[in-house]
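A quick write-up on the structure given underneath.
Number of protein chains: 2
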Amino acid sequence: MNITILFGGSSFEHEISIVSAITMKKVLKNSSLTYIFVSSDRKFYLIDTDKINSKLFSSGEYKKSKELVLKQGGFYSLGMFGDKKIESEVTLNLIHGRDGEDGKMASMMEFYDMPYISPRLEASALSYNKLYTKFLAQNLGVKTVPYEHLSMNDKRKISMAYPVIIKPVCLGSSIGVSIVREAKDLDYALDVAFEYDNDVIVEPFIEGVKEFNQAGCFTSKWELSIIEEPQKEEFLDFEKKYMDFSRDSQVLSADISDTLALQIQESFKSIYGTLFKGSIIRCDFFVVDGEVLLNEINPIPGSMANYLFEDFEVMLGRLSQNLPRESAINIDYKYIHSIQSAKGKA
Amino acid sequence: MNITILFGGSSFEHEISIVSAITMKKVLKNSSLTYIFVSSDRKFYLIDTDKINSKLFSSGEYKKSKELVLKQGGFYSLGMFGDKKIESEVTLNLIHGRDGEDGKMASMMEFYDMPYISPRLEASALSYNKLYTKFLAQNLGVKTVPYEHLSMNDKRKISMAYPVIIKPVCLGSSIGVSIVREAKDLDYALDVAFEYDNDVIVEPFIEGVKEFNQAGCFTSKWELSIIEEPQKEEFLDFEKKYMDFSRDSQVLSADISDTLALQIQESFKSIYGTLFKGSIIRCDFFVVDGEVLLNEINPIPGSMANYLFEDFEVMLGRLSQNLPRESAINIDYKYIHSIQSAKGKA
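Residue numbers (the working numbering), protein chains in the order written: chain U, 3 to 348; chain Z, 3 to 348.
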């Protein structure tokens, strides 16, 4: 299959997107890959698949690559002798954070009628913002970690007991996240979080909580990954997560009861629903007192959580054959015609 | 001021967007207008302001106009001798329904770094979908009309008393909307609504309910329109709303108490918050037993609800000077550099 990998973006996670993208070369061995880089100033560049490496970007050398524009049907290189379309069967949105996970790329690929693997616009808007994720989960009957919401101009006061974890609502990869153990440290943690976002959520920090990750998608059937119990550290900081985004070898399934596994799988399916069709997402769950709580949705997980699937590449092929498309709208100018008739202009 | 008006789109409301756009010529008398049309197949055309009329579109003659593409900074016409940027100080998103109100255009204008008047991506996603509007209002403490949510595959059963009103979650201008007076008519009304959308909301239909419309925006201060009590018919069907979109003369303020006016204004401000910054929206409220209930948010109201403002054009100028912009993200490749150092590659 001919897959375009879209990566980079004007995002705090720009660099991990590059790592994710390079990792896909090892994962998608039987596909023909086209790499399209979104620079930090949001231009599109066609990157030579044979030459891709992290230094190409950090050195700025990518600027010598051919620049592309979006037009109906896909990416094009413009030239004196006509525009040339970059052939692609499907585009994989691998931009983590802003531009990719917030719904911008999905909007553009939808508008330009390109087959693409990514959460769609609505799914992106609801999962990119941790506060809206809570709304969504509540509406779907999926339990979440309890939370409080603070805006930048709100009084800096919380009612839950310490320790708590502070998260900017719109960032992934632990950016701007702090654990606060005592009231006296709240202010500083909020300063850090508000550097990145106007809104934060505050959740109880649960020492030693059991965490489980479930990835999956819906093709013509449910395709769920194994459930992983991720390595336990207080929480992964940016650099550790960064290394985490280059994972490409399979991991072991968590040692849990069938009942718990089923609960996690059912919660995943409830969240994914029809909303996330066309995407591969990873949901991170906590288990507290035997109850499965949604912690976070990763709408574009690092290296697409490939390491959790038995045959990621073949599944990607099935997903490509089962992408949701917007319905066509037939515009026949019936109303304008009837008004013109009424005015005697037709 | 040089204002670009973006209109059309792949939307059930494509034709009323054309009407809205043509109306703006009468409203924005002191501005220099550039018209950019989004055809039903989603191409961009530069329309001659002097020649704009509805027949240009219904006849297909618009296809002779110059086609444009989006690149960093705005719209460009491409040519053998270089690309020419279409100069514009601000773009007014006047695409009703899909493409405009769902957040696609906002995504694209944000990505391409164009100053634009429109609800931003998140505001669009939350207001385009009537179910998510309920979530938003609940979270903000704004009361709404009670509702039930039905998905296409749900059992066709409601628990509220008749008469009810059935609305597809993602359409405006009364498309697919029905009033159902008896249980036996529910099925047909749902068939109609599900023609347009996979999800519907069901609300009580309140005979003779008092309705009030409040439009406004936040520039450097709140700029609220007069409150209108719209003409009362059972509900406006598409054709009546269509005529409604060409309104350009001021209307009278509703004859209500100062207390009620204040309640409506405060509800409007709560909904608009910081989320809708950069846009002019209209909220439609019901008053039931003295209580103000949000009925709907119109994120891109017909002809921008210009007829509710004293000096719409001057306000538009102030709004253009107070548009929210995404924060810049500095990408310094620190992590990639440090990994390269660790590997001895730097």
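Don't be surprised by glycine CBs; every beta carbon is placed ideally from N, CA and C.
Simplified DSSP assignment, three categories, for residue i
i	result
arginine 362/U	Past the edges of chain U, shown from 3 to 348, lies residue 362/U, and the structure says nothing about it.
asparagine 308/U	helix
valine 147/Z	coil
isoleucine 338/Z	helix
threonine 25/U	helix
lysine 157/U	coil
alanine 348/U	At alanine 348/U the pLDDT is 40, less than 50, meaning the model places this residue with poor confidence and gives no usable figure here.
phenylalanine 207/U	coil
aspartate 286/U	strand
isoleucine 177/Z	coil
asparagine 32/U	coil
alanine 163/Z	coil
glutamate 184/U	coil
valine 92/U	strand
phenylalanine 314/U	helix
isoleucine 333/Z	coil
leucine 226/Z	strand
tyrosine 114/Z	coil
lysine 73/Z	strand
asparagine 141/Z	helix
leucine 264/Z	helix
isoleucine 299/U	strand
serine 79/U	strand
leucine 192/Z	helix
lysine 212/Z	strand
glutamate 328/Z	coil
threonine 51/U	helix
phenylalanine 46/U	strand
threonine 221/U	coil
serine 59/U	The question names serine, but residue 59/U is phenylalanine in the sequence shown. Three-state result, phenylalanine 59/U: helix.
glutamate 15/U	coil
Residue i, buried or exposed, once every other Cβ within 10 Å from all chains shown has been counted against 16
i	result
aspartate 104/Z	buried
lysine 132/Z	buried
proline 232/Z	exposed
serine 180/Z	buried
aspartate 334/U	exposed
glycine 99/U	buried
glutamate 1/U	This structure gives no information on residue 1/U, because the portion of chain U shown stretches from 3 to 348.
glutamate 209/U	exposed
phenylalanine 83/Z	exposed
glutamate 184/Z	exposed
methionine 162/Z	exposed
asparagine 155/Z	exposed
arginine 158/U	exposed
aspartate 199/Z	buried
alanine 348/U	Because the pLDDT at alanine 348/U is just 40, under 50, the model does not fix this residue reliably, and the value given afterwards should be weighed accordingly. Alanine 348/U is exposed by the Cβ-count criterion.
proline 301/Z	buried
Nearest residue (CA-CA) to residue i, options the options
i	options	result
valine 166/Z	Lys57/Z, Val182/Z, Arg284/Z and Leu142/Z	Val182/Z
alanine 217/U	Cys285/U, Ile20/U, Phe137/U and Ile331/U	Cys285/U
leucine 325/U	Lys136/U, Glu91/U and Lys87/U	Glu91/U
serine 41/U	Glu69/U, Met3/U and Asp50/U	Glu69/U
lysine 53/U	Ile38/U, Lys45/U and Arg44/U	Ile38/U
phenylalanine 278/Z	Ser251/Z, Trp224/Z and Tyr164/Z	Trp224/Z
leucine 383/U	Asn332/U, Ile24/U and Ile273/U	In this structure chain U extends from 3 to 348, so residue 383/U is not present and cannot be described.
threonine 276/U	Thr221/U, Gly304/U, Leu264/U and Leu310/U	Thr221/U
asparagine 297/U	Gly304/U, Glu124/U and Ile266/U	Ile266/U
serine 259/Z	Gly292/Z, Phe247/Z and Lys57/Z	Gly292/Z
Proximal chain Z residues relative to residue i, where beta-carbon distance stays under 8 Å
i	result
valine 71/U	Val71, Leu72 and Lys73
serine 60/U	Tyr335, Ile338, His339 and Gln342
histidine 16/U	Ile331 and Ile333
aspartate 43/U	Gln74
Under 7 Å from the C-beta of residue i: neighbouring residues of chain Z
i	result
leucine 48/U	The contacting residues do not exist; leucine 48/U stays about 15 Å from chain Z at best.
serine 13/U	Ile331
Cross-chain neighbours of residue i in chain U, by beta carbon under 7 Å
i	result
glutamate 124/Z	Ala127 and Asn131
methionine 82/Z	Met82
8 Å Cβ cut-off: residues of chain U touching residue i
i	result
isoleucine 20/Z	Ile338
9 Å Cβ cut-off: residues of chain U touching residue i
i	result
lysine 28/Z	Ordered by position in chain U, no residue passes the 9 Å Cβ test against lysine 28/Z, which lies about 16 Å from the chain.
Chain Z contacts made by the region 213 to 228 of chain U, where a contact means CB separation under 9 Å: For the region 213 to 228 of chain U, which is checked against every Cβ of chain Z, not one residue is closer than 9 Å.
Contact set between the region 265 to 289 of chain U and chain Z, restricted to residues whose Cβ is under 8 Å from the partner: Interface annotation for the region 265 to 289 of chain U against chain Z: Thr276, criterion Cβ-Cβ distance under 8 Å.
Chain U contacts made by the region 101 to 117 of chain Z, where a contact means CB separation under 9 Å: Here the close residues are Asp101, Asp104, Gly105, Lys106, Met107, Ala108, Ser109, Met110, Glu112, Phe113, Tyr114 and Asp115.
Interface positions of the region 184 to 207 of chain Z facing chain U (Cβ-Cβ less than 8 Å), listed along the chain: Asn200: these are the residues of the region 184 to 207 of chain Z whose beta carbon lies less than 8 Å from some beta carbon of chain U, given in chain order.
Against chain U: residues of the region 135 to 153 of chain Z by CB proximity under 7 Å: Residues passing the 7 Å Cβ filter: Phe137 and Asn141.
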